[in-house]
Amino acid sequence: MAYAVGSIPFAYLLLRLSSGKDIRTLGTGNVGAMNTFDVSGSKVLGILVGTLDAAKGAAAVLVSTHFFGDDLPVKMLAAFFATLGHCYPVWLGFKGGRGLATVAGATLLFMKSLVITWVIVWVLAWAYSKKIHFCNISATIGVAFIAPILEPVDALFFIISLVALILLRHRDVMKDAFKGG
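Heads up, this note's numbering is the position in the sequence shown plus 393, with the first residue counted as 1.
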């Protein structure tokens with residue numbers, strides 16, 4: 394269920410409905426909020442996609458806990474599978490977004506420290522570089538190092554799994570950065 398909710402490709406659907414364009418063939422090809430903004434030029438559309446992507450992460454956690462209980466493992470599994478669905482949606486040939494908004498929406502409900510840590514590291518990285526992808530990657534790596542101090546030890550595998558998934562979806566950006574792009 395969480396995968397199905399996470400796999401709803403809001404960037405693809407909203408850009409297709411608003412302009413007839415296929416986001417997978419434009420800009421970075423990434424099916425997410427930032428590419429939606431870049432391709433459409435619309436802040437409103439970019440923010441709407443980001444909000445909906447976060448909402449589907451939250452919805453997956455809320456629905457899962459309603460049916461399976463308010464346990465941490467249930468929430469972690471729902472968050473992970475919603476993010477997996479966003480990153481690899483079956484509807485788009487398993488080519489989706491990078492997962493940041495979906496993770497944020499899901500974890501804000503039960504691990505606020507992850508989101509707060511991510512935002513703080515992101516802002517510090519922005520002050521240093523003014524490069525969005527650098528900030529996203531730095532904040533994600535920062536969570537991997539800081540979260541074990543703030544979250545229960547039984548959440549570590551979940552946190553590392555999400556960090557790995559997000560970094561995997563940023564590998565194209567990291568390759569470009571190392572090439573000097």
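For each residue, glycine too, the CB sits at the ideal point set by N, CA and C.
Round the Cβ separation of residue i and residue j to the nearest angstrom and send it over; I've been treating them as touching at under 8 Å.
| i | j | result |
| --- | --- | --- |
| Ala-494 | Ala-426 | 6 Å |
| Gly-399 | Ala-453 | 6 Å |
| Lys-505 | Ala-475 | Not really, about 17 Å apart at Cβ, beyond 8 Å. |
| Gly-492 | Ala-447 | Not confirmed; about 11 Å, so no contact. |
| Arg-562 | Cys-480 | 5 Å |
| Ala-548 | Leu-465 | 7 Å |
Excluding five sequence neighbours on each side, which residues of the same chain lie with their C-beta closer than 6 Å to the C-beta of residue i?
| i | result |
| --- | --- |
| Ala-404 | Ile-416, Val-424, Gly-425, Thr-429, Val-442 |
| Pro-482 | Ser-400, Pro-402, Gly-489 |
| Gly-439 | Ala-426, Thr-429, Phe-430 |
| Lys-578 | Because the chain here runs from 394 to 574, residue 578 falls outside it and cannot be looked at. |
| Gly-422 | none |
| Leu-445 | Phe-403 |
| Leu-419 | Val-432 |
| Trp-515 | Cys-528, Ala-532 |
Leaving out the 5 sequence neighbours to the left and right, which residues in its chain are closer than 7 Å to residue i when beta-carbon positions are compared?
| i | result |
| --- | --- |
| Thr-500 | Ala-472, Leu-507, Val-508 |
| Lys-414 | Leu-408, Val-432 |
| Phe-461 | Val-467 |
| Pro-541 | Leu-549 |
Report all residues from its chain with a CB closer than 8 Å to the CB of residue i; omit the five preceding and five following residues, and keep chain order.
| i | result |
| --- | --- |
| Leu-560 | Ile-530, Thr-533, Ile-534, Met-567 |
| Tyr-396 | Phe-474, Ala-475, Leu-477, Gly-478 |
| Ser-457 | Met-394, Ala-395, Val-467, Lys-468, Leu-470, Ala-471 |
| Pro-370 | Limits of the chain in this structure are 394 at one end and 574 at the other, which puts residue 370 out of reach. |
| Leu-502 | Ala-451, Val-454, Leu-455, Lys-468 |
| Ser-412 | Ser-433 |
Indicate whether residue i and residue j have their beta-carbon atoms separated by less than 8 Å.
| i | j | result |
| --- | --- | --- |
| Phe-470 | Thr-510 | It is Leu, not Phe, that sits at residue 470 in the sequence shown. Result no, Cβ atoms of Leu-470 and Thr-510 do not sit closer than 8 Å. |
Query raised in the report: With contact counted as at least three CB pairs below 8 Å, one residue from each stretch, are the segment 476-495 and the segment 544-553 in contact?
Result: no
Query - Three-pair Cβ contact test at 8 Å for the segment 403-412 versus the segment 427-446 - result: yes
**Report entry** contact_flag[the segment 555-566, the segment 534-544] where n(CB pairs < 8 Å) is 3 or more
**Finding:** yes
Report task. At 4 residues or longer, and completely inside the segment 550-574: list those alpha helix (DSSP H) runs for me, N to C. Result -> 564-571
Query raised in the report: Could you give the uninterrupted runs of the alpha helix (DSSP H) lying entirely in the segment 403-437, keeping only those of 4 residues or more?
Result: 403-412, 426-433
Requested in this report: Ignoring anything shorter than 4 residues or poking outside the segment 458-510, list the alpha helix (DSSP H) runs there in chain order.
Outcome: 465-480, 493-500
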